[in-house]
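**Student:** Here it is, the structure in full.
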Amino acid sequence: MSSYTDSMCYEVFIRRAFKCDYDAHNSKNSYFQNLIETENGSSSTRHLGSYDKQLSAIKKNIENAIDKFLKSRPTAAEASNLNDFKSKLASAHYTSEIIDLLNQGIENTARYRDM
């Protein structure tokens, strides 16, 4: 898969949480794509700051989206899954871990897709 394809789960999750357009709430998939490319050693992302700096910003954006979902009256199962996501996100260090969590988060919030 490409970093573009891999990064789409980030945009989908953020946009679903905030019911926003492209790039609102830092939802643009290129933010996550840049993180993936930095992790893979791309020299074209050096101007964006260190991997840890980008990772911290991405995790904060995802955490804000989780909090938004938690304020939107999730079912008990959804709330439990979102809280689990949030705790696992805190200890995630690699984009592959975050992608897995985001994909689970997208599945868990499917009913919000059309709201």
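Per this note's numbering: the sequence shown = residues 21 to 135. By construction, the Cβ of each residue, glycine as well, lies at the ideal position given by its N, Cα and C atoms.
Just verifying my parser: in three-state terms, what is the DSSP assignment at R133?
**Tutor:** Position 113 of the sequence shown, counted from the start, is the residue given in the question as residue 133. Three-state DSSP puts R133 in coil, outside helix and strand.
**Student:** Return the CA-CA distance between V32 and N84, expressed in angstroms with no decimal places.
**Tutor:** Working through the sequence shown from its first residue, we reach residue 32 at position 12. Working through the sequence shown from its first residue, we reach residue 84 at position 64. The alpha-carbon atoms of V32 and N84 are separated by roughly 14 Å.
**Student:** Assign C29 to buried or exposed, taking buried as 16 or more other Cβ atoms, counted over all protein chains shown, within 10 Å of its Cβ.
**Tutor:** As a working note, residue 29 is residue 9 in the sequence shown. Under this definition C29 is a buried residue.
**Student:** Can you round the beta-carbon distance between T129 and R36 to whole angstroms, since I take them to be within the 8 Å contact cut?
**Tutor:** Reading the sequence shown from its first residue, position 109 is the one you call residue 129. Reading the sequence shown from its first residue, position 16 is the one you call residue 36. Confirmed, about 6 Å.
**Student:** Could you give the distance in angstroms between the alpha-carbon of I126 and the alpha-carbon of S107?
**Tutor:** The residue given as residue 126 occupies position 106 in the sequence shown. The residue given as residue 107 occupies position 87 in the sequence shown. Roughly 16 Å between the two C-alpha positions.
**Student:** Using the Cα positions of D41 and G61, report the straight-line distance between them to the nearest angstrom.
**Tutor:** Reading the sequence shown from its first residue, position 21 is the one you call residue 41. Reading the sequence shown from its first residue, position 41 is the one you call residue 61. Distance between the alpha carbons of D41 and G61: 30 Å.
**Student:** Got a sec: is the Cβ-Cβ distance from S100 to anything in chain B below 8 Å?
**Tutor:** Looking for chain B here will not work: only one protein chain is present.
**Student:** Where in the segment 44 to 113 do unbroken runs of the alpha helix (DSSP H), each at least 4 residues long, occur, reported from the N-terminal end onward?
**Tutor:** 49 to 59, 71 to 90, 96 to 110
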